[in-house]
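J.: Dumping the structure here so I can ask a few things about it.
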DNA sequence: CTGTATCCTAGGGGATACTG
DNA sequence: CAGTATCCCCTAGGATACAG
């Protein structure tokens, strides 16, 4: 049988890409890379103090596999690795901007509803 | 500065609001409600055949608690319940549109990279 | 500096059955 | 029709330690 795929994919484009950006960290990582353009592992870690190194590595590898970020390794001592957005990763920025706009509206609505 | 998100996650609006729309279903539900404006429980279930009734209920309750959707109960026989977006829920639509646009670009990029 | 390797746990989310 | 009630599995993701 065709399974899960058929209905959601055709009726909802959102469901299609949901797995790519799902989770606690992917959009945050993309956000920081969109702001700084290029970041090293330790710089990303500093910008997200609450993620563990193990998970940061995992998230970066996943985003790389999905084609959203590029990993450039410089074989030096000490080692240097730079992360940046790919073309398709850069095209995700408007989504973040829309989300950021909504976040501010949402925050304002929450405050208003308390009074 | 006010909008410096580099220090910690709490000052990043994306990270802040991420829990509201996180998970497999919330954005999909909002998408269907944005398309249809008003949907009954069974209609939502039909648009998302893969979600279980238990989880659909849970997701709807959560989105309602977050203020994104409105639940209107008509005490009839048989019972009728209609779900719709609230004002702040409606304001989320631009995010979905941006995401949808990106989804198409992402899909195209994937196909292109295969050749 | 840039990661691995383990371990561990909360909860997201599926399956199935039942109800007012 | 619009849900509850259970059960249960899995993986996201945190903590900690170690390595090249």
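Protein chains in written order, with the UniProt record's numbering: chain A, 1 to 115; chain B, 1 to 115. By construction, the Cβ of each residue, glycine as well, lies at the ideal position given by its N, Cα and C atoms.
Residue 59 (chain B) to residue 17 (chain B), Cα distance in whole Å?
T.: Position 59 of the second chain holds residue 59 (chain B). Position 17 of the second chain holds residue 17 (chain B). Approximately 16 Å, taken between the alpha carbons.
J.: Can you find at least 3 beta carbon pairs, one from the segment 89-97 of chain A and one from the segment 93-107 of chain B, that sit closer than 8 Å?
T.: Touching, yes, given that three or more Cβ pairs across the two stretches are closer than 8 Å.
J.: Less than 9 Å between the C-beta atoms of residue 32 (chain B) and residue 47 (chain B), yes or no?
T.: Reading the second chain from its first residue, position 32 is the one you call residue 32 (chain B). Reading the second chain from its first residue, position 47 is the one you call residue 47 (chain B). Closer than 9 Å, so yes.
J.: Spell out a yes or no on whether the segment 24-39 of chain A and the segment 48-68 of chain A are touching, meaning 3 or more CB-CB pairs, one atom from each, closer than 8 Å.
T.: Short answer: they touch.
J.: Residue 40 (chain A) versus chain B: which residues are under 8 Å apart at the beta carbon?
T.: The count along the first chain starts at 1 and reaches residue 40 (chain A) at position 40. Under the 8 Å cutoff, chain B gives no residues; its nearest Cβ is about 14 Å from residue 40 (chain A).
J.: So which residues on chain A does residue 117 (chain B) lean against when the C-beta distance must stay under 8 Å?
T.: No answer is possible for residue 117 (chain B): the residues shown for chain B start at 1 and end at 115.
J.: Roughly how many angstroms separate the alpha carbons of residue 98 (chain B) and residue 108 (chain B), rounded to a whole number?
T.: To locate residue 98 (chain B), count along the second chain from 1; it is residue 98. To locate residue 108 (chain B), count along the second chain from 1; it is residue 108. Cα to Cα, residue 98 (chain B) sits roughly 16 Å from residue 108 (chain B).
J.: Within 10 Å of its beta-carbon, does residue 74 (chain B) have 16 or more other beta-carbons around it, so buried, or fewer, so exposed?
T.: Counting from 1 along the second chain, the entry for residue 74 (chain B) is found at position 74. Result: exposed.
J.: For residue 85 (chain B) and chain A, any beta-carbon pair shorter than 9 Å?
T.: Residue 85 (chain B) sits at position 85 when you count from the first residue of the second chain. Chain A contact via Cβ: absent.
J.: Indicate the three-state DSSP secondary structure (helix, strand or coil) for residue 31 (chain B) in the structure shown.
T.: Counted from its first residue, the second chain places residue 31 (chain B) at position 31. In this structure, residue 31 (chain B) counts as helix in the three-state DSSP scheme.
J.: Between the C-alpha atoms of residue 41 (chain A) and residue 23 (chain A), what's the straight-line distance to the nearest angstrom?
T.: Start at 1 with the first residue of the first chain, and residue 41 (chain A) comes out as number 41. Start at 1 with the first residue of the first chain, and residue 23 (chain A) comes out as number 23. C-alpha separation (whole angstroms): 19 Å.
J.: So residue 65 (chain B) contacts chain A; which residues on that side make the cut at Cβ distance below 7 Å?
T.: Residue numbering aside, residue 65 (chain B) sits at position 65 when the second chain is read from its first letter. Within 7 Å Cβ-Cβ: nothing; residue 65 (chain B) doesn't reach chain A, min ~12 Å.
J.: For residue 75 (chain B), does the three-state DSSP call read helix, strand or coil?
T.: Sequence index remark: in the second chain, residue 75 (chain B) carries index 75 (1-based). Reduced to three states, the DSSP call for residue 75 (chain B) is coil.
J.: Shorter than 9 Å from the beta carbon of residue 115 (chain B) to some beta carbon of chain A?
T.: One-based indexing of the second chain puts residue 115 (chain B) at position 115. It does not: the Cβ of residue 115 (chain B) has no partner Cβ on chain A nearer than 9 Å.
J.: Taking 9 Å as the threshold (beta carbon to beta carbon), is residue 57 (chain B) in contact with chain A?
T.: Taking the second chain and counting its residues from 1, the one referred to as residue 57 (chain B) is at position 57. Output row for residue 57 (chain B): interface = no.
J.: Is the CB-CB distance between residue 114 (chain A) and residue 67 (chain B) below 9 Å?
T.: The sequence position of residue 114 (chain A) within the first chain is 114, counting from 1. The sequence position of residue 67 (chain B) within the second chain is 67, counting from 1. Cβ distance not < 9 Å, so residue 114 (chain A) and residue 67 (chain B) don't count as in contact.
J.: Can you list the alpha helix (DSSP H) stretches of 4 or more residues lying completely in the UniProt domain "HTH hxlR-type" (12-111) of chain B, in chain order?
T.: Runs found: 13-21, 26-36, 41-47, 53-65, 87-90.
J.: Taking the CB atoms as reference points, tell me whether residue 53 (chain A) and residue 45 (chain A) lie closer together than 9 Å.
T.: Indexing the first chain from 1 puts residue 53 (chain A) at position 53. Indexing the first chain from 1 puts residue 45 (chain A) at position 45. Closer than 9 Å, so yes.
J.: Around the C-beta of residue 15 (chain B), are 16 or more other C-beta atoms found within 10 angstroms, so that it is buried, or is it exposed?
T.: Taking the first residue of the second chain as position 1, residue 15 (chain B) is located at position 15. When all chains shown are included, residue 15 (chain B) counts as buried.
J.: So, at 8 Å on beta carbons, what are the nonlocal neighbours of residue 79 (chain A) in its own chain, with the 5 sequence-adjacent residues on each side left out?
T.: Taking the first residue of the first chain as position 1, residue 79 (chain A) is located at position 79. Here the set comprises 73.
J.: Consider the Cβ of residue 1 (chain A): report whether some Cβ of chain B lies at a distance smaller than 9 Å.
T.: Locating residue 1 (chain A) in the first chain gives position 1, where the first residue counts as 1. Per-residue confidence for residue 1 (chain A) stands at a pLDDT of 32, beneath the threshold of 50, marking its modelled position as unreliable; the derived number appears in the next sentence. Not one chain B Cβ lies under 9 Å of residue 1 (chain A).
J.: Is the CB of residue 71 (chain A) under 9 Å away from at least one CB in chain B?
T.: Position 71 of the first chain holds residue 71 (chain A). Not an interface residue.
J.: Using a Cβ-Cβ cutoff of less than 7 Å, which residues in the same chain neighbour residue 96 (chain A) once the five nearest sequence positions on both sides are dropped?
T.: For the purposes of this step, residue 96 (chain A) is taken as residue 96 along the first chain, with counting starting at 1. Only 27, 30, 31, 34 meet the Cβ criterion.
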